[in-house]
Amino acid sequence: MASADSWLLTHDHVADSRLLLTAQAAYSYGISGYDGWGCDVSNRVHVTVHQYDCFNLNEPRCPGGSTMFHGECIGTAKATEDGRPFDTLAGQVAKNGDADKHLVVKMDVEGHEIEAVQGLSGLLAKNRCIIQVEVWDDP
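Each number in my numbering comes from the position in the sequence shown (counting from 1) with 1 added on.
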């Protein structure tokens, strides 16, 4: 359940949104060694983008931007599965000291978006967030 100050936006909205200017930190999930979105956000809004992926540990480059790579995935709970670390978005935000900041979040986690989003209600109730989620429709 999102607060009045949280938004769920599509890619087109985020690319052109003035809401981005309110962001104080950014999170990009499922980057697979490349994070054009995160680099664009960092360069436009001048915030650090926390990049997360536990499957592809290649740290992306971001000329002119500020990014921090984490070899961890987003999940429904803090756990280790097949040797890969997972934590909730709320847990990752807290570890990075961003719990009280306005956030922008992009998730492209190959079919696991619904599970990742299910644990966001507490974070959304406390933070001003912009969230972009790519949802796979598996026929």
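Here a beta-carbon is modelled for each residue, glycine too, at the ideal position from N, C-alpha and C.
Taking just the CA atoms, how far does residue j sit from residue i?
i	j	result
Ala80	His71	15 Å
Ser4	Ser29	In this prediction, Ser4 scores a pLDDT of 34, lower than 50, which makes its location untrustworthy; no coordinate-derived value is stated.
Gln93	Arg45	23 Å
Ala78	Gly66	30 Å
Asp99	Asn59	24 Å
Ala16	Pro61	For Ala16, the predicted model reports a pLDDT of 47, less than 50, meaning its position is unreliable; a value from the coordinates is still stated below. Ala16 and Pro61: Cα-Cα distance of roughly 20 Å.
Asp101	Tyr53	20 Å
Arg85	Val105	25 Å
Ala95	Asp83	24 Å
His51	Ala26	8 Å
Going by DSSP in three states, residue i sits in which element: helix, strand or coil?
i	result
Gln52	strand
Leu58	coil
Thr23	helix
In terms of residue numbering, what span does the beta strand (DSSP E) encompassing residue i cover?
i	result
Ala26	26 to 30
Please report the residue range of the alpha helix (DSSP H) in which residue i lies.
i	result
Asn41	The sequence shown places Asp at residue 41, not Asn. That run of the alpha helix (DSSP H) goes 37 to 46.
Ile78	Checking the sequence shown, residue 78 turns out to be Ala, not Ile. Note, Ala78: premise wrong, no alpha helix (DSSP H); not H, not E.
Lys102	Unbroken run through Lys102: none, as it is neither H nor E.
Gly34	From DSSP, Gly34 is part of no alpha helix (DSSP H); its letter is neither H nor E.
Gly92	90 to 96
My understanding is that residue i touches residue j, with C-beta atoms under 8 Å, so please give their C-beta distance in whole angstroms.
i	j	result
Phe87	Ile75	7 Å
Val42	Leu21	7 Å
Among the options, which residue has its Cα nearest to the Cα of residue i?
i	options	result
Gly39	Pro64, Leu58, His103	Pro64
Gly34	Val106, Ala26, Met69	Met69
Glu36	Thr49, Gln25, Lys96	The sequence shown places Asp at residue 36, not Glu. The residue with the shortest Cα to Cα distance from Asp36 is Thr49.
Heavy atom of the ligand SAM less than 7 Å from the Cβ of residue i, yes or no?
i	result
Ala80	Judged by which ligands are present, the structure shown has none, so any question about the ligand SAM falls away.
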